[in-house]
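Beneath this line is the structure, given in structure tokens, with notes to follow.
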Amino acid sequence: NAGSSGNLIGMGHMMGGTRTIVLGESGQEMTALRLPELAEPDSESETEITYTVTAQAGETAFLEGEKTQTLGYNGSYLGPVLVVQEGQQVHIKTENQLSEATSFHWHGLKLPSDMDGGPHHPVGPDETMQVDFTVKQEAATLWFHPHALGTTAEQVYAGLAGLIFVEDDNSDQLDLPKDYGVNDFPLIVQDRTFDADNQFDYAGTYSPDGTYGDTLLVNGTINPYVEVKNELIRLRLVNGSNARNYTFRLQDGAVFQQIASDGGFLEAPVALTSVTLTPGERAEIVVDLSGYAKGDTVKLMDGNATVLALKVTEETDVQPALPEILNEIPESATDGAAVQQFTLSGMSFMVNINGNQFDMNRIDTLQNLNETVIWEVHNAQDMMGSMAHPFHIHGVQFQVLSRDGAEPPENEQGWKDTVAVYPGETVRLAVTFSEKGTFMYHCHILEHEDNGMMGQVSVQ
Ligand code: C2O
Ligand code: CU
Ligand code: CU
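Numbering (full-length UniProt numbering), first residue to last: 45 to 504.
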């Protein structure tokens, strides 16, 4: 499937040469975008909701011919969307039907650390684990994926990833596209390589600096399209790839609006012609199709690869407008705050934070509950080379204070749980934990995480 005219973004430069795996036009026919199902709750009231999430093996048809052996939640590939409301008590019965241990990590949720599903909470084959928490955060598009020690990259690659939509009064009241599958689409963007038998070739393409694929999958669809009206279309972009960065743009260079970052709505829509997401990051964007007519196709691209074709198949006269104000984001109280330094360095199997590789029995840093600490994250350029590291912290939504001393771009001035730190760069974050316990922080290039680019903060 490798095309000749691919893009070369986010590649690691390593001693001994540069690996290049390009994303090409797949050459496959356009297929209707697969839409993750909205999970059917086991029970539901205004104040409580109960779901079952089962990790299972299956087979998925991506290509003509042979099906692909995959993993999924409540299905063969990826998983359902868990919709929860701020203030609601959530109960999730997690179940492992795989032949190896996994865990269920809720990326972006502020929950007690014993519910967080990190490497301390493996769920063995045929075991279950009960997860209970109250939603104490605002509307956002979050996701969940496995996080067992050393196997995260491989299990995510095989298909384990699902979505969480947090809703609240603000998201209910905002006049935004919210008709799921009609003008509101999640896009889980991943890259994979298939072997000659249509199987995922993880082993054959593995790189300790992040495994790249040559074929784009969006919600598990190759070369997808959606049929839409010429109205405002909301796309919830999720970089669910092991390692690849994406720079999303419209093919004609048109402006779109970013309305949300990882942890919630931005204060106001931010007009952009491109947005870059590193692994783990999310962005909700709104594309205005009112200038197009029936029969037109608008393409969302990454470099020369098509991410999604929006086919206008129906016209409407409703003049679309986005709300001018989306959210109120308090400024973090950082006056006199302590500063904690985190230096990301090394490459390949030597990646580390502050010179240390992950040790489950070592606490790397302490922080007080509800105290705001400035995390100064530096990406050291060293002899071994360097690459961008997406830095993720469990159990919080933080604010980006600065990039190399300068104000962060407008679309990074909302809540974040993952932030790109480029070679040589220093990024300052305001980090406040509202739950006690031991939380992970790590590079979200999943092979780096598995190779030990991860530490633990104990919040007391
Ligand atoms: Cu999305 Cu610790 O991970
Ligand atoms: Cu996480
Ligand atoms: Cu990294």
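Idealized CB from N, CA, C, for every residue including glycine. Here the structure is a predicted model, which means the values were calculated and not measured.
### Query
In the DSSP assignment, what residue or residues form a beta bridge with Q174?
On the sequence shown, residue 174 is found 130 positions in, with the first residue counted as 1. Its beta-bridge partners are K137.
### Task
Just confirm the distance between the C-beta atoms of N274 and Y224, as a whole number of angstroms; I'd bet it's less than 8 Å.
As a first step, residue 274 must be located in the sequence shown, where it is residue number 230. As a first step, residue 224 must be located in the sequence shown, where it is residue number 180. Going by Cβ atoms, the distance from N274 to Y224 rounds to 19 Å, so no, they are not a contact pair.
### Task
Just grab the DSSP bridge partners of H151 for me.
Numbered from 1 along the sequence shown, position 107 holds the residue referred to as residue 151. Beta-bridge pairing links H151 to W187.
### Buried versus exposed, by CB contacts within 10 Å (16 or more), M159
By one-based count along the sequence shown, residue 159 stands at place 115. By the 10 Å Cβ count, M159 comes out buried.
### Query
Once you ignore the five residues that flank I369 on each side, which residues in its own chain have a CB closer than 8 Å to its CB?
Within the sequence shown, residue 369 is the residue found at index 325, counting from 1. Only E311 and A312 meet the Cβ criterion.
### Query
With V471 and V440 assumed to form a contact (beta carbons below 8 Å), what rounded beta-carbon distance in angstroms separates them?
Position 427 of the sequence shown, counting from 1, holds the residue named residue 471. Position 396 of the sequence shown, counting from 1, holds the residue named residue 440. Incorrect: roughly 15 Å between the Cβ atoms, too far for contact.
### Task
State the DSSP-derived secondary structure class of residue 43, mapped to helix, strand or coil.
Past the edges of the chain, shown from 45 to 504, lies residue 43, and the structure says nothing about it.
### Query
Between which two residues does the beta strand (DSSP E) carrying Y290 extend?
Taking the first residue of the sequence shown as position 1, residue 290 is located at position 246. Y290 to L294 is the span of the beta strand (DSSP E), which, as asked, contains Y290.
### Task
Determine, using beta carbons only, whether K137 and V175 come nearer to each other than 9 Å.
Numbered from its first residue, the sequence shown carries residue 137 at position 93. Numbered from its first residue, the sequence shown carries residue 175 at position 131. A contact, by the Cβ cut-off of 9 Å.
### Query
Taking 8 Å as the cut-off, does the CB of L484 come closer than this to any heavy atom belonging to ligand 2?
For the purposes of this step, residue 484 is taken as the residue at position 440 of the sequence shown. Strictly speaking, residue 484 in this sequence is Met, with Leu absent from that position. Yes, ligand 2 has a heavy atom inside 8 Å of this Cβ.
### Message
Between which residues of its own chain and L107 is the CB-CB distance below 6 Å, once the five residues before and five after are set aside?
### Response
Counting from one through the sequence shown, the residue named residue 107 turns up at place 63. Around L107: N242.
#### Entry: Supposed close pair L321, N283 - CB separation, criterion 8 Å
Translated into the one-based positions of the sequence shown, residue 321 becomes position 277. Translated into the one-based positions of the sequence shown, residue 283 becomes position 239. So it is a contact: roughly 4 Å between Cβ atoms.
#### Entry: Three-state secondary structure (DSSP) of H492
Residue mapping note: residue 492 aligns to position 448 of the sequence shown, counting from 1. H492 falls in the helix class under three-state DSSP.
### Query
Near ligand 5, which residues have their beta-carbon less than 5 Å from any of its heavy atoms, given in chain order?
No copy of ligand 5 appears in this structure; the ligands present are ligand 1, ligand 2 and ligand 3.
### Task
Have a look at the DSSP bridge pairing and note the partners of Y117.
Locating residue 117 in the sequence shown gives position 73, counting from the first residue. DSSP lists A99 as partners of Y117.
### Task
Mind listing which residues have their beta carbon within less than 6 Å of any non-hydrogen atom of ligand 2? Chain order is fine.
H149, H151, H436 and H438
### beta-carbon G339 near ligand 1 non-hydrogen atom, thresh 8 Å
What you label residue 339 is simply residue 295 of the sequence shown in a count that begins at 1. Every heavy atom of ligand 1 is 8 Å or more from the Cβ of G339, so no.
### Query
Cβ of P80 within 9 Å of Cβ of I277?
One-based indexing of the sequence shown puts residue 80 at position 36. One-based indexing of the sequence shown puts residue 277 at position 233. Not in contact: P80 and I277 (Cβ atoms no closer than 9 Å).
### Task
Identify which residue in A99, K154 and A424 has its Cα closest to the Cα of V503.
The sequence position of residue 503 within the sequence shown is 459, counting from 1. When each option's Cα is compared against that of V503, the closest is K154.
### Query
By a C-beta neighbour count over all protein chains shown, 10 Å radius and 16 as the cutoff for buried, is L186 buried or exposed?
Translated into the one-based positions of the sequence shown, residue 186 becomes position 142. So L186 counts as buried.
### Message
For ligand 1, I want to know if H165 counts as a neighbour, meaning its beta carbon is within less than 8 Å of at least one of the ligand's heavy atoms.
### Response
One-based indexing of the sequence shown puts residue 165 at position 121. No.
### Task
Tell me whether R406 is buried or exposed, calling it buried when 16 or more other Cβ atoms sit within 10 Å of its Cβ.
Residue mapping note: residue 406 aligns to position 362 of the sequence shown, counting from 1. Exposed, because fewer than 16 other Cβ atoms sit within 10 Å of the Cβ of R406.
#### Entry: Distance cut-off 8 Å: G248 Cβ against heavy atoms of ligand 1
Numbered from its first residue, the sequence shown carries residue 248 at position 204. Flag unset: Cβ of G248 not near ligand 1.
### Task
Write down the C-beta distance between A184 and A304 rounded to the nearest angstrom, noting that I regard them as a contact closer than 8 Å.
As a working note, residue 184 is residue 140 in the sequence shown. As a working note, residue 304 is residue 260 in the sequence shown. That belief holds up - the Cβ atoms of A184 and A304 are roughly 7 Å apart, short of 8 Å.
### Task
Just the C-alpha distance for G438 and T482, rounded to the nearest angstrom, thanks.
Stepping through the sequence shown from its first residue, residue 438 is reached at position 394. Stepping through the sequence shown from its first residue, residue 482 is reached at position 438. Checking the sequence shown, residue 438 turns out to be His, not Gly. One C-alpha to the other measures close to 9 Å.
### Message
Given 8 Å as the limit, tell me if T462 has its C-beta closer than that to any heavy atom belonging to ligand 1.
### Response
Stepping through the sequence shown from its first residue, residue 462 is reached at position 418. Yes, the Cβ of T462 comes within 8 Å of a heavy atom of ligand 1.
#### Entry: Integer-rounded CB distance, given that F188 should sit under 8 Å from H149
Residue mapping note: residue 149 aligns to position 105 of the sequence shown, counting from 1. Residue mapping note: residue 188 aligns to position 144 of the sequence shown, counting from 1. Indeed, because the Cβ distance is near 6 Å, the residues count as touching under 8 Å.
### Span separating the alpha-carbon of L52 from that of R288
One-based indexing of the sequence shown puts residue 52 at position 8. One-based indexing of the sequence shown puts residue 288 at position 244. With a pLDDT of only 36 at L52, under the threshold of 50, the placement of this residue in the model should not be trusted, and no figure is reported.
#### Entry: Exposure label - A382; buried when at least 16 CB within 10 Å
In the sequence shown, residue 382 corresponds to position 338, counting from 1. With fewer than 16 Cβ atoms within 10 Å of its Cβ, A382 is classed as exposed.
### With 16 other Cβ atoms within 10 Å as the buried cut-off, status of A99
Locating residue 99 in the sequence shown gives position 55, counting from the first residue. A99 is buried by the Cβ-count criterion.
### Task
List the residues that DSSP assigns as beta-bridge partners of N400.
Residue numbering aside, residue 400 sits at position 356 when the sequence shown is read from its first letter. Paired residue(s): I397.
### Query
Is G162 near ligand 1, with its Cβ less than 8 Å from a heavy atom?
In the sequence shown, counting from the first residue as 1, residue 162 sits at position 118. Yes; taking the cut-off as 8 Å, the Cβ of G162 has a heavy atom of ligand 1 nearer than that.
#### Entry: Residue nearest to T196 in terms of C-alpha spacing, selected from M498, L366, M497 and E491
Indexing the sequence shown from 1 puts residue 196 at position 152. For T196, the nearest C-alpha among the options comes from E491.
### Message
Taking a contact to mean a Cβ-Cβ separation below 9 Å, would you say T237 touches D213 in this structure?
### Response
One-based indexing of the sequence shown puts residue 237 at position 193. One-based indexing of the sequence shown puts residue 213 at position 169. Their beta carbons are not under 9 Å apart, which means T237 does not touch D213 by this criterion.
### Message
Please give me, in chain order, every unbroken run of the alpha helix (DSSP H) with length at least 4 that falls completely inside the stretch 226-314.
### Response
246-249
### Query
Would the beta-carbon of Q384 fall within 9 Å of that of T409?
Counted from its first residue, the sequence shown places residue 384 at position 340. Counted from its first residue, the sequence shown places residue 409 at position 365. Yes, these two residues count as a Cβ contact at 9 Å.
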